[in-house]
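As structure tokens, the structure follows; a few thoughts come after it.
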Ligand SMILES: Nc1ncnc2c1ncn2[C@@H]1O[C@H](COP(=O)(O)OP(=O)(O)O)[C@@H](O)[C@H]1O
Ligand SMILES: [Mg+2]
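Residue numbers (this note's numbering), protein chains in the order written: chain Z, 4 to 274; chain A, 70 to 264; chain P, 247 to 513.
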């Protein structure tokens, strides 16, 4: 980020063209599924198994915003920002300049914790509020309209009570909505099948405005990545499983074949 | 070897438009002759670019067959669905070959094709699917029928010509009847098999 | 592989075979002082006057630039005050690790509470977005101190008060290994090294190991007799001079600091 980068952003932000009620994600195929995009200011839980493409999707969401002149922020907790940027720059859709010029602001959660004196294993009410305050401070000061927290799972592990996790997500979501910031909270799950929880703690999914599940479907020994919008308040949407590919140009989606979506034996040959 | 192209295919192709979907029926023995007779006019007469999806044979084999009749296909992008299943099969020297892990990953094939089309700079493009009967070996009938429907519609919507090669007597009836239903045009060079 | 250091005859004459403990009466009791090359470990009890002994040991400072005092408990001004009180030279090297550590931790805590109360300013956010790694506040003081003493030249004089700081933060095995290294260095360079360790909470195994590495072992104790305190030091190990093993009862006087009064031979 060069000097003044953030200041310029605020100006760009004001002139941004998104006066509609939707945050157009810009991700190929996703806006069609959502009939136009994510309702502005929503908090969307993107839950997925390991390697399902959550980080890539989250980063592309920010890149599309940055291309439209929106200020973006990414909080990384699952991998150090240096590694994250090293991995993500392999994709042609990503432009390191966006980070250098402060369009996409990448924060290490560990550094934030350390600055707030939160280098401990358990967060209490005070700590949780300090965290909410600093995230909303950042969003407010830079004028962030797209935010990704990757992931909330590691964070929620530090909050020992379910009630406190609920408070944290609820308060954060409410404040971000007031600030007009559309947020993707990434959540790590171990299974993405129908009867699994879509979040690690069970409480995230009740509070989120939207839930996008990502995972793998097994078809005769091969894994196909899928994405499914399970819930999105404030819009009609497809609830079908979509096959996704992580291409250099970004995430691409197509409806998953009805007859090939189940991984159980009934869908197999000769059934 | 004398290689004679079927000129009537070119004539027939000159009547179709970009949002057409053409079923090209052939037999086992004339498959490459029919393929070449279809591809050549598209590439040369109509100056189209495109994607060749190879499920019947490895892409290298197909490229070399074209090279043997003096046709340069380096502008065509190949999606090879069979070589990933062979150890070392993806270790090739052609930059225009892309691999998908398996012919059962039909959605991946579609997405990869769309990705390639997004990156090409030719104005008019085709997608050549070689072949339905090869996909039928690996995929369940209902799924393949559903796929062909999606496939044809996706490209029609994007004004990309779809050309679908098919050996009818090796394709399950359900798939065949659906294909007949979805395609706008038929080039029939299927051979009568005398038992 | 042993390094061969040649010692100048002139230096040998100047520094002599033994150095002073900084306590003349104690020097007499130890038949002249502490042999050059000795590493001394002093096990201490709170209130036994050992802190003063550590500083007094530094006070002879034959070469001030080659004299190092490492304090983990006191701040610079306190040390200066004591040195001034007894008229000891102030131009020795002093490192106050406890003070450094507290300053680091305190600074971080102050900043954290400012961020929590007042929030982030734009320039804080810019800096946060550019900070890719957590600053390592767990400075490796053990390695630093080891290096600092290893860097001292022949005939050095050094004191560590106390080892407790390191034993609390590091693996005791690492601390013992460091003392072993320092002992070898001290011997080779004919230096004098005094290490203070509190006996409170010291594992017996560590005490045992330190005692076996040391060339001289002292124990500082305090007990109440009637309404009075009696402070004493026991020399329980003195390499090659068993005649030096004895117990001394001492007082702290304004003129001489540690002042031995009665002596008992240890049988
Ligand atoms: N340059 C790339 N192009 C396509 N796919 C990639 C590329 N780099 C990584 N991948 C795939 O993406 C996966 C990781 O995606 P990621 O978004 O980090 O998943 P998640 O965050 O859900 O764990 C890898 O396991 C790999 O299969
Ligand atoms: Mg990830």
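All residues carry an ideal CB built from backbone N, CA and C; glycine is no exception. In this text the structure is predicted, and so the values were computed from the model without any measurement.
Is residue j closer than 9 Å to residue i when the C-beta atoms are compared?
i: residue 116 of chain A; j: residue 193 of chain A; result: yes
i: residue 27 of chain Z; j: residue 235 of chain Z; result: no
i: residue 273 of chain P; j: residue 264 of chain P; result: yes
i: residue 179 of chain A; j: residue 168 of chain A; result: no
i: residue 429 of chain P; j: residue 459 of chain P; result: yes
i: residue 251 of chain A; j: residue 197 of chain A; result: no
i: residue 192 of chain Z; j: residue 200 of chain Z; result: yes
i: residue 276 of chain P; j: residue 461 of chain P; result: no
i: residue 3 of chain Z; j: residue 170 of chain Z; result: Chain Z is shown from 4 up to 274; residue 3 of chain Z falls before or after that span and cannot be answered.
i: residue 172 of chain Z; j: residue 211 of chain Z; result: yes
i: residue 257 of chain Z; j: residue 239 of chain Z; result: no
i: residue 75 of chain Z; j: residue 151 of chain Z; result: yes
i: residue 211 of chain A; j: residue 245 of chain A; result: no
i: residue 492 of chain P; j: residue 510 of chain P; result: yes
i: residue 31 of chain Z; j: residue 255 of chain Z; result: yes
i: residue 330 of chain Z; j: residue 173 of chain A; result: Because chain Z here runs from 4 to 274, residue 330 of chain Z falls outside it and cannot be looked at.
i: residue 252 of chain Z; j: residue 69 of chain Z; result: no
i: residue 289 of chain P; j: residue 443 of chain P; result: yes
i: residue 326 of chain P; j: residue 503 of chain P; result: no
i: residue 225 of chain A; j: residue 125 of chain A; result: no
Please report the straight-line C-alpha distance between residue i and residue j, rounded to a whole angstrom.
i: residue 416 of chain P; j: residue 189 of chain Z; result: 38 Å
i: residue 75 of chain A; j: residue 139 of chain A; result: 16 Å
i: residue 87 of chain Z; j: residue 58 of chain Z; result: 9 Å
i: residue 13 of chain Z; j: residue 145 of chain Z; result: Residue placement at residue 13 of chain Z is flagged as unreliable, the pLDDT there being 41, under the threshold of 50; the coordinate-derived value follows with that caveat. Computed Cα separation, rounded: 6 Å.
i: residue 259 of chain A; j: residue 35 of chain Z; result: 40 Å
i: residue 256 of chain A; j: residue 104 of chain A; result: 11 Å
i: residue 6 of chain Z; j: residue 214 of chain A; result: Caution is warranted here: a pLDDT of 42 is assigned to residue 6 of chain Z, below 50, making its placement in the model unreliable, and the coordinate value is therefore given only provisionally. Roughly 58 Å separates the two Cα atoms.
i: residue 11 of chain Z; j: residue 126 of chain Z; result: Here residue 11 of chain Z scores only 43 on pLDDT, less than 50, and its place in the model should not be relied on; the value that follows carries that caveat. So the alpha carbons of these two residues sit roughly 35 Å apart.
Could you tell me if the beta carbon of residue i falls within a distance shorter than 8 Å of some heavy atom in ligand 2?
i: residue 57 of chain Z; result: yes
i: residue 63 of chain Z; result: no
i: residue 249 of chain A; result: no
i: residue 89 of chain Z; result: no
i: residue 192 of chain Z; result: no
i: residue 189 of chain A; result: no
i: residue 98 of chain A; result: no
i: residue 154 of chain Z; result: yes
i: residue 82 of chain Z; result: yes
Could you tell me whether the Cβ of residue i comes closer than 9 Å to any Cβ of chain Z?
i: residue 238 of chain A; result: no
i: residue 406 of chain P; result: no
i: residue 353 of chain P; result: no
i: residue 359 of chain P; result: yes
i: residue 371 of chain P; result: yes
i: residue 378 of chain P; result: yes
Do we get a CB-CB distance below 9 Å when we pair residue i with the residues of chain A?
i: residue 242 of chain Z; result: no
i: residue 268 of chain Z; result: Interpretation of residue 268 of chain Z is limited by its pLDDT of 36, a score under 50 that renders its predicted location unreliable; no figure is taken from the coordinates.
i: residue 258 of chain Z; result: yes
i: residue 222 of chain Z; result: yes
i: residue 248 of chain Z; result: yes
i: residue 19 of chain Z; result: Caution applies to residue 19 of chain Z, whose pLDDT of 40 falls short of 50 and renders its modelled position unreliable; the value that the coordinates give is listed next. No - not a single Cβ of chain A is within 9 Å of the one on residue 19 of chain Z.
i: residue 200 of chain Z; result: no
Does any residue of chain P bring its CB to less than 9 Å from the CB of residue i?
i: residue 136 of chain Z; result: yes
i: residue 148 of chain Z; result: no
i: residue 110 of chain Z; result: yes
i: residue 120 of chain Z; result: yes
i: residue 115 of chain Z; result: yes
i: residue 141 of chain Z; result: yes
Is residue i a contact residue of ligand 1, with contact defined as CB to any heavy atom under 8 Å?
i: residue 60 of chain Z; result: yes
i: residue 122 of chain Z; result: no
i: residue 54 of chain Z; result: yes
i: residue 1 of chain Z; result: Any question about residue 1 of chain Z goes unanswered here, given that chain Z covers just 4 to 274.
i: residue 51 of chain Z; result: yes
i: residue 79 of chain Z; result: no
i: residue 184 of chain A; result: no
i: residue 398 of chain P; result: no
ask   = Is there contact between the segment 214-222 of chain Z and the segment 69-89 of chain Z, where contact requires at least three CB pairs shorter than 8 Å?
value = The segment 214-222 of chain Z, when compared against the segment 69-89 of chain Z, does not touch it at the 8 Å Cβ threshold.
query = Between the segment 223-230 of chain Z and the segment 179-191 of chain A, do at least 3 Cβ pairs fall closer than 8 Å?
reply = Segments in contact, no.
query = Are there three or more Cβ pairs, one per stretch, closer than 8 Å when the segment 324-341 of chain P is compared with the segment 352-366 of chain P?
reply = Taking a contact to require three or more Cβ pairs closer than 8 Å, the segment 324-341 of chain P and the segment 352-366 of chain P do not qualify as touching.
Cβ contact check for the segment 152-168 of chain Z and the segment 389-406 of chain P: 3 or more pairs under 8 Å = The segment 389-406 of chain P and the segment 152-168 of chain Z do not touch, with fewer than three beta-carbon pairs separated by less than 8 Å.
task = Specify whether the segment 232-244 of chain A and the segment 87-106 of chain A touch according to this definition: at least 3 beta carbon pairs, one from each stretch, less than 8 Å apart.
result = Note that the segment 232-244 of chain A touches the segment 87-106 of chain A; at least 3 beta-carbon pairs, one per stretch, sit closer than 8 Å.
request  = Kindly confirm or deny that the segment 396-415 of chain P and the segment 436-443 of chain P touch, where touching means at least three C-beta pairs closer than 8 Å.
outcome  = In short, these stretches touch, since the Cβ pair count reaches three.
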